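What follows is one structure encoded as structure tokens, with my remarks underneath.
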Amino acid sequence: GSDLLVGIGKPEELLLTLVQSPDIGPTTFLCQEQTTAEELAVDRAFVRALKRACPVQPPALRKIWSGTLFDDAQAKKLFGADYSSLPDVFTPFRNKVESKLEVDAPLAVPKPGSLPLPPADAKAALSSGSMSFESMPSLTELGFSNEEVALADPRGVMPFVGGERAALARVKHYLWDA
């Protein structure tokens, strides 16, 4: 693996610093494949910005489906290209998915050093702006008030506790204990 570079800002502005550094060579950007209009507009703006910044050889943008456990193509085959046959309630959905779809095997974990970091001077330059290898922003640094952070979302059907341990307990209760 590699270090995580955390940035706050518009991708089409923030990520250009990665390709504009003279110490960073050819780059491929990996991102989650999006399906909604706002996120697709961000993708298009980012590609346009990359082409303006690097007109001769813009970096590649590789989109990876990760919105569900199932590949998007599998789900579209099962529910229709426009998801028109997607059940309205969960149980029929679950029954259809469990009987027809299989979760792909996870990708191999990258070996240490297989995702090279930028050179030290480029890494320092990247960390000096609105991106950092050193820390994750808090929710208040992302614009949420302390009250918003502390309160459960009123749209939720039940309060959810974050973290892997709580998630595994919730799945166990749902699938086997309830």
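Residue numbering for the sequence shown follows this note's numbering, starting at -13 and increasing by one per position. Glycine included, C-beta positions come from ideal geometry on N, C-alpha and C. Computed from a prediction, not measured in an experiment: that's the story for all the values here.
In the DSSP assignment, ALA67 falls outside any alpha helix (DSSP H), carrying neither H nor E. Runs of alpha helix (DSSP H) with 4 or more residues, each lying fully within the segment 124 to 159, are found at 132 to 136, 150 to 158, listed in chain order. In this structure, ASP90 places its C-beta atom within 9 Å of the C-beta atom of ASP57. With a beta-carbon spacing of about 4 Å, ALA31 and GLU(-2) fall inside the 8 Å limit used to define contacts. Taking C-alpha positions only, LYS63 is separated from GLU133 by approximately 43 Å.
When DSSP states are grouped into helix, strand and coil, LYS(-4) belongs to the coil group.
In the same chain as PRO145, and ignoring 5 residues on each side of it, the C-beta atoms closer than 7 Å to its own belong to ALA138, in chain order. In the structure shown, LYS62 falls within a helical segment according to DSSP collapsed to helix, strand and coil.
Residue pairing by DSSP places THR21 in no beta bridge whatsoever.
Judged by DSSP in its simplified three-state form, PHE76 adopts helix.
When secondary structure is reduced to three states using DSSP, LEU47 falls in the strand class.
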